[in-house]
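The structure appears below as structure tokens.
Residue numbers (this note's numbering), protein chains in the order written: chain A, 23 to 266; chain B, 209 to 531.
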């Protein structure tokens with residue numbers, strides 16, 4: 023029970039102090055609108071909103087979670103308030119789950135902002151919502167754990183931003199959202215399969231437009247494996263670097 | 209007092225080739241204020257980190273309140289409170305919210321943690337300012353709130369790292385009083401400070417750590433007793449020159465003479481001394497004597513003798529680190 027109280031308090035504190043602050047709420051709204059506008063400008067003609075929805079959702083999660091978690095943890099490390107959490111009588115696993123749950127929820131909310139906008143403009147019937155939600159959740163979990171991995175690898179807030187981009191931009195261009203994986207140069211195709219977003223984006227494409235190219239169970243399994251691996255590596259690194 | 213509540217046995221911490229703490233062994237008894245003193249980089253913080261679970265010892269064992277402090281550190285953390293050398297609460301949260309949040313980390317129920325937060329804000333004289341964000345607090349208030357956060361769960365042991373460094377005199381005085389009150393209520397205090405006079409005023413026992421080694425652990429009284437065997441006389445003169453000091457050393461071969469400042473010298477004698485020959489000596493040298501004072505030894509003298517480290521260096525190092 024006492025562990026649950028601590029978990030809930032850390033989660034609520036992070037939601038209130040970081041994720042639900044006005045700049046982050048406006049980010050959640052502006053980001054998908056900017057992407058839609060960018061795709062509209064790029065195509066030069068009215069965009070098929072349903073077609074771009076998986077991409078906008080996936081990128082909203084990726085950008086919302088990775089840098090937010092990496093920045094907030096690095097910030098707390100710098101101000102030494104994170105020490106307070108490490109010294110509390112709660113297990114490290116639970117502590118890190120509490121810290122990451124806020125970012126995961128933020129990512130999920132970010133993903134559904136474009137869905138909300140789209141619902142006013144187009145007919146969203148036919149979407150397999152359970153699969154879409156599961157995909158969103160797994161992308162949020164994987165991206166958040168990637169953010170955790172980044173947070174443990176850097177010591178300054180600006181490094182967290184830079185390092186996040188090191189992962190995010192290749193993922194953005196190689197995950198099949200802009201260019202189908204099959205159309206990528208042969209040399210880059212294997213790289214695409216090494217990126218978690220490729221599988222997450224494919225789940226969303228399949229559930230929204232039924233044009234995914236990977237079997238859904240495979241995509242789910244790969245995302246779960248990525249999440250588990252990133253969380254395990256991050257915990258190992260925390261024990262090594264922060265509880266030195 | 210009497211029950212051992214902290215026991216460090218052969219603690220070592222290496223960072224590659226560098227040895228931060230070397231074979232440190234000491235005990236802290238329940239109900240005492242234990243001072244851990246040493247210069248900057250001596251290994252004080254690394255030792256505290258090992259005792260509180262922020263660092264893992266390379267070798268050695270720790271027992272805290274009967275629990276293995278390495279294998280069962282999470283159980284130990286339930287019983288200890290930690291006040292770091294920097295106030296590390298959440299800047300945007302109010303004093304009250306900070307305390308309530310810290311209480312929740314120890315699994316306290318909502319009503320219980322809010323009541324405890326109110327009680328501590330009142331006890332620490334922060335009831336009026338409790339609603340302000342932490343960033344709006346003065347340094348002294350921040351320090352007090354950080355101590356309140358450290359004891360929110362009423363721990364048996366409180367680790368205080370440099371509690372009065374960098375704050376105004378009045379706040380420092382209030383914090384010393386709070387430490388004494390907490391100790392009076394039964395909390396064992398493990399204190400590090402570079403203010404030796406503070407340790408002398410507050411602590412029952414102290415440990416000296418230099419270059420990673422704990423070189424002496426003893427009660428203040430015992431340490432002073434060793435020092436008491438020497439007699440110190442401070443003379444305030446109009447002025448003094450090296451030649452005068454040399455002449456004094458020749459005239460009084462059993463006396464050690466040292467310079468305190470441009471007007472003051474200190475005579476150190478293993479036995480009780482008569483004043484008349486010294487007064488006569490200064491009269492002959494035509495140097496007016498304004499004041500003679502028998503000085504009782506301080507913990508500072510003990511520290512200097514045992515560690516060989518000048519206090520001025522200790523303070524300078526710490527101030528430099530703060531800046």
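Ideal placement from N, C-alpha and C gives every residue a C-beta, glycine not left out.
Since we're looking at a predicted model, the values are computed, not measured.
Below-8 Å beta-carbon distance, residue i vs any chain B residue
i, result
"residue 100 of chain A", "no"
"residue 110 of chain A", "yes"
"residue 177 of chain A", "no"
"residue 41 of chain A", "no"
"residue 28 of chain A", "yes"
"residue 23 of chain A", "yes"
"residue 172 of chain A", "no"
"residue 266 of chain A", "yes"
"residue 121 of chain A", "no"
"residue 241 of chain A", "no"
Of the listed residues the options, nearest to residue i (C-alpha basis)
i, options, result
"residue 219 of chain A", "A:52, A:245, A:144 and A:110", "A:245"
"residue 304 of chain B", "B:440, B:453 and B:336", "B:336"
"residue 445 of chain B", "B:292, B:488 and B:495", "B:495"
"residue 356 of chain B", "B:462, B:327, B:514 and B:253", "B:327"
"residue 248 of chain B", "B:392, B:497, B:369 and B:476", "B:369"
"residue 210 of chain B", "B:421, B:402, B:479 and B:413", "B:413"
"residue 288 of chain B", "B:486, B:364 and B:455", "B:364"
Cutoff 8 Å: residue i Cβ touching any chain A Cβ
i, result
"residue 466 of chain B", "no"
"residue 278 of chain B", "no"
"residue 355 of chain B", "no"
"residue 461 of chain B", "no"
"residue 264 of chain B", "yes"
"residue 296 of chain B", "yes"
"residue 399 of chain B", "no"
"residue 338 of chain B", "no"
"residue 315 of chain B", "yes"
"residue 225 of chain B", "no"
"residue 531 of chain B", "In this predicted model, residue 531 of chain B has a pLDDT of only 48, less than 50, meaning its place in the structure is not dependable enough to derive any value."
"residue 272 of chain B", "no"
Extent of the continuous beta strand (DSSP E) run through residue i
i, result
"residue 421 of chain B", "421–427"
"residue 395 of chain B", "Per DSSP, residue 395 of chain B belongs to no beta strand (DSSP E) and is neither H nor E."
"residue 268 of chain B", "267–272"
"residue 466 of chain B", "464–467"
"residue 288 of chain B", "288–291"
For residue i: DSSP bridge partner residues
i, result
"residue 245 of chain B", "B:416"
"residue 443 of chain B", "B:473 and B:500"
"residue 212 of chain B", "B:237"
"residue 219 of chain B", "B:232"
"residue 275 of chain B", "B:272"
"residue 201 of chain A", "Per DSSP, none; premise fails for residue 201 of chain A."
"residue 369 of chain B", "B:400"
"residue 226 of chain B", "B:223"
"residue 207 of chain A", "Partner(s): none; residue 207 of chain A has no beta bridge."
"residue 478 of chain B", "DSSP output for residue 478 of chain B lists no bridge partner at all."
"residue 341 of chain B", "B:302"
Close Cβ partners of residue i (< 8 Å) along its chain, the five nearest in sequence each way excluded
i, result
"residue 216 of chain A", "none"
"residue 583 of chain B", "An answer regarding residue 583 of chain B cannot be provided, because it is not within the stretch 209 to 531 covered by chain B."
"residue 285 of chain B", "260 and 261"
"residue 424 of chain B", "415, 416, 431 and 514"
"residue 470 of chain B", "447 and 448"
"residue 352 of chain B", "332, 333, 334, 379, 382, 383 and 386"
"residue 126 of chain A", "87, 159, 162, 163 and 166"
Cutoff 7 Å; reference residue i; Cβ partners in own chain excluding five residues on either side
i, result
"residue 312 of chain B", "321"
"residue 221 of chain A", "236, 241, 244 and 245"
"residue 394 of chain B", "239"
"residue 271 of chain B", "215 and 277"
"residue 159 of chain A", "130"
"residue 227 of chain A", "76, 233 and 234"
"residue 465 of chain B", "453, 456, 457, 473 and 475"
"residue 411 of chain B", "241, 242, 243, 399 and 428"
Limits of the unbroken alpha helix (DSSP H) element including residue i
i, result
"residue 224 of chain A", "218–231"
"residue 305 of chain B", "303–313"
"residue 492 of chain B", "484–492"
"residue 162 of chain A", "151–175"
"residue 73 of chain A", "71–100"
"residue 25 of chain A", "24–36"
"residue 131 of chain A", "114–143"
"residue 510 of chain B", "507–515"
"residue 350 of chain B", "347–358"
"residue 318 of chain B", "318–331"
Residues near residue i in its chain [Cβ-Cβ closer than 6 Å; skip 5 each side]
i, result
"residue 372 of chain B", "380 and 383"
"residue 167 of chain A", "249, 252 and 253"
"residue 150 of chain A", "229"
Beta carbon proximity, residue i to chain E, threshold 8 Å
i, result
"residue 106 of chain A", "This model lacks chain E altogether; the protein chains it does include are A and B."
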